[in-house]
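Residue numbers (the working numbering): 558 to 644. For reference, the structure discussed in these notes is given below.
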């Protein structure tokens, strides 16, 4: 169940909201005039979310490369990496 708080709580209960976000690693949804306005989360959760999005982007790119035939055997790629390290 999402945690929903009114915008006034950002001023009046900031420490409580911050502690919740850090303790439970989930966002708090802030409403303004009864409607959803913001999602507040810890920096750690934000970075984790961004990392997941980047991973999904890279997986999608890899799948597109595979469909377009832009792949090569792993042994060939490792050989090229080793050549680069030894030069």
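We put the beta carbon where it would ideally sit given N, CA and C, even for glycine.
Contact under 9 Å by Cβ, residue 594 with residue 564: Translated into the one-based positions of the chain shown, residue 594 becomes position 37. Translated into the one-based positions of the chain shown, residue 564 becomes position 7. It is a contact, given that the beta carbons lie within the stated cut-off.
Pairwise C-alpha distance: residue 636 and residue 586: In the chain shown, the residue the question calls residue 586 occupies position 29. In the chain shown, the residue the question calls residue 636 occupies position 79. Whole-angstrom Cα-Cα distance: 50 Å.
Whole-angstrom distance between residue 633 and residue 619, CA atom to CA atom: Taking the chain shown and counting its residues from 1, the one referred to as residue 619 is at position 62. Taking the chain shown and counting its residues from 1, the one referred to as residue 633 is at position 76. Each residue's alpha carbon lies about 17 Å from the other.
Short Cβ contact (9 Å threshold) for residue 599 with residue 578: In the chain shown, residue 599 corresponds to position 42, counting from 1. In the chain shown, residue 578 corresponds to position 21, counting from 1. Yes; because the gap between Cβ atoms is below 9 Å, this pair is in contact.
Beta carbon of residue 582 nearer than 9 Å to that of residue 602: The residue given as residue 582 occupies position 25 in the chain shown. The residue given as residue 602 occupies position 45 in the chain shown. For residue 582 and residue 602, yes; Cβs fall inside 9 Å.
In DSSP terms, what residue 562 is bridged to: Within the chain shown, numbered from 1, the residue matching residue 562 stands at position 5. 587, per the DSSP bridge assignment.
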